[in-house]
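Engineer: Note that our numbering gives residue 38 to position 53 of the sequence shown, counting from 1, and the numbers run on in steps of one. Ideal placement from N, C-alpha and C gives every residue a C-beta, glycine not left out.
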Amino acid sequence: MEGRPADDSVLIARAVRGDSAAYEEIVKRYQQVAFRTAYIITGSAADAEDAAQEGFVKAYRALDRFRPDADFRPWLLRIMANEARNRVRSSGRRHRLELRLSEGFRPGDAVPSPEAVAVATDERRRLLAMVNELGEDDRMVIASRYFLELSGEETAAALGIAEGTVKSRLSRALARLRARVEETANA
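(1) According to DSSP, is Ser29 helix, strand or coil?
(2) Give the DSSP-derived three-state secondary structure of Phe20 in the structure shown.
(3) Let me make sure I understand the geometry here. Which of Asp107, Glu167, Pro99 and Glu121 has the alpha-carbon closest to that of Ile26?
(4) Classify Ala36: buried if its beta carbon has 16 or more other beta carbons within 10 angstroms, exposed otherwise.
(5) Would you kindly work out how many angstroms separate the C-alpha atoms of Ala55 and Ala6, rounded to a whole number?
(6) With DSSP run on the structure shown, which of helix, strand or coil describes Gly120?
(7) Pull up the CB-CB distance for Val126 and Val151, whole angstroms please, since I reckon it's below 8 Å.
(8) Work out the CA separation of Tyr24 and Ala69 for me, nearest whole Å.
(9) Is Asp107 helix, strand or coil when you go by DSSP?
(10) Using the beta-carbon count (16 or more within 10 Å), is Arg50 buried or exposed?
(11) For Pro59 and Ala142, which I take to be in contact (beta-carbon distance under 8 Å), what is that distance rounded to the nearest angstrom?
Next comes the structure, spelled out in structure tokens:
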């Protein structure tokens, strides 16, 4: 078992008993997805960092109320999303969605030409702008499934809705996005 990462439930149990190293491991494990979740909502790296940090503090304080039979990741991401929404509401401004999709290259991948990178970057920027124009429910379900790569079940838990609702919202959101893409292509 040495060298193998501890299971979330083991880390949570240790953290509830006051083991700060266990909670530190949880934070390390989830800090990137927590930040991305907050960033989707706030549209600001600084606000997302603050929301994620505060979300981890709130999650720590609520660990004793976490149901051991539940999945931890969606529970945590729901806390992060709620904290990010609270920040947006309290700031009195609506932030626009700006995702920086970091796509790392694996060894052996062909290096794209500068022109290809410019075209891909421009297309990604236009697509993200169109996603940003959608309503919050549409943005959240698309971002959860495609940007955060959550399963349908995890998306449902993170957004606090039924899995069937995720499927129907995603279908409608993608149809609205497709229509925007087609409008832009025909313009």
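Structural biologist: In brief:
(1) To locate residue 29, count along the sequence shown from 1; it is residue 44. In the structure shown, Ser29 sits in coil (DSSP, three-state: anything other than H, G, I, E or B).
(2) The count along the sequence shown starts at 1 and reaches residue 20 at position 35. Phe20 falls in the helix class under three-state DSSP.
(3) Within the sequence shown, numbered from 1, the residue matching residue 26 stands at position 41. Nearest option by C-alpha distance: Glu121.
(4) Along the sequence shown, one-based indexing puts residue 36 at 51. Buried.
(5) Reading the sequence shown from its first residue, position 70 is the one you call residue 55. Reading the sequence shown from its first residue, position 21 is the one you call residue 6. C-alpha separation (whole angstroms): 22 Å.
(6) For the purposes of this step, residue 120 is taken as the residue at position 135 of the sequence shown. It is coil, neither helix nor strand.
(7) Start at 1 with the first residue of the sequence shown, and residue 126 comes out as number 141. Start at 1 with the first residue of the sequence shown, and residue 151 comes out as number 166. About 6 Å; that satisfies the 8 Å criterion.
(8) Indexing the sequence shown from 1 puts residue 69 at position 84. Indexing the sequence shown from 1 puts residue 24 at position 39. Our two residues, Ala69 and Tyr24, have alpha carbons roughly 8 Å apart in a direct line.
(9) Here the question's residue 107 lines up with position 122 in the sequence shown. Asp107: helix per DSSP, three-state reduction.
(10) One-based indexing of the sequence shown puts residue 50 at position 65. Arg50 should be labelled exposed.
(11) Here residue 59 refers to the residue found at position 74 of the sequence shown. Here residue 142 refers to the residue found at position 157 of the sequence shown. That belief holds up - the Cβ atoms of Pro59 and Ala142 are roughly 3 Å apart, short of 8 Å.
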